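Novice:
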Amino acid sequence: RARFAGKVNRADVEPPSRYRLDFEGQSPQAGFARGQVRVELEETTPGETRLRYAASVQIGGKLAQIGSRLIDAAA
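Note that UniProt numbering has the sequence shown beginning at 1, numbered continuously upward.
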């Protein structure tokens, strides 16, 4: 188990339809992770919203050595 210190920033915000989250974090024990998530919201019917998202992540250090197999399996 590792703790990460990092930050998340919102970008390309177009309320209420879309935004992007850029993130990065580091852990002395595990390495680093950085990437972005693009989120789109679309009203399909009154009171119902479709959520679409796509994520892109880069990892390094021990996290990449051990976790890449787990991440590939989960994706």
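Cβ atoms here follow ideal geometry from the backbone N, Cα and C, with glycine treated the same way.
It should be emphasised that the depicted structure is a prediction, and the values quoted were computed from it without experimental measurement.
Does the distance from the C-beta atom of F32 to that of V8 stay below 7 Å?
Specialist: By one-based count along the sequence shown, residue 32 stands at place 32. By one-based count along the sequence shown, residue 8 stands at place 8. In this structure, V8 does not lie closer than 7 Å to F32 by Cβ.
Novice: Between the alpha carbons of P46 and P16, how many angstroms are there, rounded?
Specialist: Translated into positions along the sequence shown, residue 46 becomes position 46. Translated into positions along the sequence shown, residue 16 becomes position 16. Roughly 14 Å between the two C-alpha positions.
Novice: What's the call for A30, buried or exposed, on a 16-neighbour Cβ count within 10 Å?
Specialist: Position 30 of the sequence shown, counted from the start, is the residue given in the question as residue 30. With 16 or more other Cβ atoms within 10 Å, it is buried.
Novice: In its own chain, which residues sit with a C-beta less than 6 Å from the C-beta of R69, not counting the 5 before and 5 after it?
Specialist: For this step, residue 69 is matched to residue 69 along the sequence shown. Here the set comprises nothing.
Novice: Please return the same chain residues whose Cβ sits closer than 7 Å to the Cβ of V13, not counting the five positions on each side in sequence.
Specialist: As a working note, residue 13 is residue 13 in the sequence shown. Excluding positions up to five away in sequence, the list reads Y19.
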